[in-house]
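Inspection log for the structure reproduced underneath, given as structure tokens.
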Amino acid sequence: MGTVYDLIVIGSGPAGQRAAIYGSKMGKKVALVEMREVVGGACINTGTIPSKTMREAVLHLSGYNYKSIYGMNYRVKERITMADLAFRVQHVIKTEID
1 MGTVYDLIVI
11 GSGPAGQRAA
21 IYGSKMGKKV
31 ALVEMREVVG
41 GACINTGTIP
51 SKTMREAVLH
61 LSGYNYKSIY
71 GMNYRVKERI
81 TMADLAFRVQ
91 HVIKTEID
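First residue of the sequence shown? That's 1 in UniProt numbering, and the numbers climb one at a time after it.
Written out as structure tokens, the structure is:
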């Protein structure tokens with residue numbers, strides 16, 4: 001006979017993660033089923049969080065949020081690269097998954 005679980009959670013998005021954690025805290029044997037190679041669901045990996053993080057990174061690095069304080073020529077970084085944005089997005093995703 002195969003492994004017996006008390007709770008099987010399908011999908012590792014925010015609701016699935018909470019359900020799996022709660023079941024585990026309650027002493028249940030939990031299995032989490034995810035069709036992707038990474039946990040977190042679409043919101044964390046390809047949806048809202050990456051797009052909002054990229055937007056906020058551009059606003060920060062360009063100095064847009066601070067121009068009214070420091071003047072129109074203020075910039076946190078003179079040249080913003082895709083590597084800068086990708087680094088920030090990956091950092092936020094890793095933080096959300098961990």
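All residues carry an ideal CB built from backbone N, CA and C; glycine is no exception.
Quiz prompt | Span separating the alpha-carbon of G23 from that of V89 | solution = 30 Å
Practice problem: For the stretch 36 to 64, list the beta strand (DSSP E) runs that are entirely contained and at least 3 residues long, ordered along the chain. | Solution: The stretch 36 to 64 contains no complete beta strand (DSSP E) run of 3 or more residues.
Practice problem: Quick one: measure Cβ to Cβ for residue 104 and G41, integer angstroms, because I've assumed they're closer than 8 Å. | Solution: This structure leaves residue 104 out entirely; the chain is present only between 1 and 98.
Quiz prompt | Cβ-based burial, V9 [other Cβ within 10 Å; buried from 16] | solution = buried
Quiz item: Buried or exposed: which applies to P14, given that a residue is buried once 16 or more other Cβ atoms fall within 10 Å of its Cβ?
Solution: exposed
Quiz item: At which residues does the alpha helix (DSSP H) containing I8 begin and terminate?
Solution: Where I8 is concerned, there is no enclosing alpha helix (DSSP H), although the beta strand (DSSP E) it sits in stretches over 7 to 10.
Exercise. For V89, write down the residues that DSSP places opposite it in a beta bridge.
Key: In the DSSP output, where bridge partners are listed per residue, V89 has none listed.
Quiz item: Residue range of the alpha helix (DSSP H) that R79 falls in?
Solution: No alpha helix (DSSP H) contains R79, which DSSP labels as neither H nor E.
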